[in-house]
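In the numbering used here, the protein residues as written are -8 to 337. Beta carbons: idealized from backbone N, C-alpha and C, even for Gly. These numbers come from a predicted model, not from an experiment. One structure is given here, and the rest of the page talks about it.
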């Protein structure tokens, strides 16, 4: 991603720039999904909601830094260098310091790496026989062919994947649409963009409370119903009543952010380890369609001033309906998932 970002600064034509940016965006999507999957597999399921809060806070820091960078740095080429160089450096650091997840190693039967992982993580908690069990039961290498076979043997995951893909498209469309709309609120565009990032914080801080108390599925449904109501309200508020409109917009952005981040928690828990990377990767690829359409939904106001909010509101309602097709993934008091059983102390 960083390499293509740097290459883009040397392009001379718009066409060449688009080609390079396509590949940069391609790897960006993959990196976001892989980072969250790795994190979710390195912490207990019951801590996923707290991990979402940590991720969210750092996301907001980077989100707001974009406005600061755009205001202070002269030209997009220099700005690209300012972003790509740190990304490349930290990628190399993380590559050498962050271990592979336990679940991935167990699924692929990497006994040597499992021994090193367990000795470093908790040498006095796990029996070494666990490593042999994991290696014998999960020694088969996984690839896309195994993903297809798994889907054929477990057809319910086909339904989960299709429903999740549409939900990802809608969630990213709403999030990107609301984020890009901040520059049309009037006033200083940099201030508005920073403000649109800060209003996300309440959604992240509420993640542990909502996700752990009500469960993943109920929380996701409630948040999207809230979003649907907010979009309808935005469609009825007079745009020229700045105080009311901006306040309602901020409330809506907070709700959309909750749906956006909770989706990562919920989505990563729906699929077992053996297909998680592939399934979430497919959902992330589909989400790019929504991310592409989101900023352009605003232009439907040429047909009716409330058209953008009607589209977003209807999309949130569709998300609610599709979520009923998905299972609840909130961890029980005693772990029952195949993932947790692999690391249960003997």
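Nearest-angstrom Cα separation, counted from residue j out to residue i
i	j	result
residue 138	residue 18	21 Å
residue 24	residue 92	14 Å
residue 87	residue 221	45 Å
residue 182	residue 208	35 Å
residue 316	residue 219	19 Å
residue 22	residue -2	18 Å
residue 1	residue 10	13 Å
residue 89	residue 309	38 Å
residue 307	residue 101	42 Å
residue 3	residue 187	33 Å
residue 53	residue 82	16 Å
Buried versus exposed, by CB contacts within 10 Å (16 or more), residue i
i	result
residue 196	exposed
residue 77	exposed
residue 336	Interpretation of residue 336 is limited by its pLDDT of 32, a score under 50 that renders its predicted location unreliable; no figure is taken from the coordinates.
residue 58	buried
residue 320	buried
residue 274	buried
residue -8	buried
residue 149	exposed
residue 5	exposed
residue 299	buried
residue 146	exposed
residue 111	exposed
residue 160	buried
8 Å Cβ cutoff, residue i in contact with chain C
i	result
residue 50	No chain C appears in the structure shown, which is made up of a single protein chain.
Local conformation of residue i per DSSP, three classes
i	result
residue 179	coil
residue 317	coil
residue 132	Residue placement at residue 132 is flagged as unreliable, the pLDDT there being 48, under the threshold of 50; a coordinate-derived value is accordingly withheld.
residue 145	coil
residue 90	coil
residue 127	Low per-residue confidence applies at residue 127: pLDDT is 47, beneath 50, and the placement is therefore not dependable enough to give any value.
residue 34	coil
Taking 8 Å as the threshold, find out whether the stretch 95 to 102 comes into contact with the stretch 3 to 22 through three or more Cβ pairs. no
For the pair the stretch 264 to 271 and the stretch 180 to 195, tell me if three or more CB-CB distances fall below 8 Å. no
Counting Cβ pairs, one atom from each stretch, are 3 or more of them under 8 Å apart for the stretch 196 to 214 and the stretch 234 to 250? yes
Pair every Cβ in the stretch 166 to 180 with every Cβ in the stretch 228 to 243, then say whether three or more of these pairs are closer than 8 Å. yes
With contact counted as at least three CB pairs below 8 Å, one residue from each stretch, are the stretch 229 to 236 and the stretch 161 to 170 in contact? no
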